[in-house]
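Residue numbers (full-length UniProt numbering): 1 to 142.
The beta carbon of each residue, even a glycine, is placed where N, CA and C say it ideally should be.
Here's the structure, in structure tokens; my notes come after.
Structure, rendered in structure tokens:
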């Protein structure tokens, strides 16, 4: 009976691509930490760590706290991009949403390219796995 209960989950795991980006990532400027995980049948990422002074959490264009802000959405594996995943990224300063790609060229390194129209017209950042701590209200240690 236990094998019957486990089998549907095993079949489900085989039918969807694994999420190689699961975990915490430090942004290129070392001023933000993102928690990337699975959101339904896509990959998404929340801003969970921020560098800021004092006690006031930075706010986005709409005045909402950037702590735990969903910024990476709808990432799906692409069959023709050599391990790249396509989705969207939010710029909290402007409220604009851009197309984006993420991929991992090697262990503990993530590349993120945000762009308008074609990836050729974008900018790539290099993120690294984050092993540190995050304080209350998403505050990163200095």
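- Here the alpha carbon of residue 89 sits roughly 26 Å from the alpha carbon of residue 55.
- Under the 10 Å beta carbon count, residue 125 is surrounded by fewer than 16 other beta carbons and is classified as exposed.
- Residue 105 sits in a strand when the DSSP states are folded into three classes.
- In this structure, the straight-line span from the alpha carbon of residue 142 to that of residue 76 is close to 34 Å.
- DSSP, reduced to helix, strand and coil, places residue 137 within a helical segment of the structure shown.
- Non-local C-beta neighbours of residue 104 in its own chain, meaning closer than 8 Å and more than five positions away in sequence, comprise 20, 21, 83, 110, 111, ordered along the chain.
- With a threshold of 16 other beta carbon atoms within 10 Å, residue 34 meets it and is buried.
- Residue burial annotation: residue 101 is buried, with at least 16 other C-beta atoms found within 10 angstroms of its C-beta.
- A distance of 9 Å or more separates the beta carbons of residue 38 and residue 74.
- Per DSSP, residue 29 lies in no beta strand (DSSP E) and is assigned neither H nor E.
- Residue 96 is classed as exposed because its beta carbon has fewer than 16 other beta carbons within 10 Å across all chains shown.
- Straight through space, the alpha carbons of residue 48 and residue 30 are spaced by roughly 13 Å.
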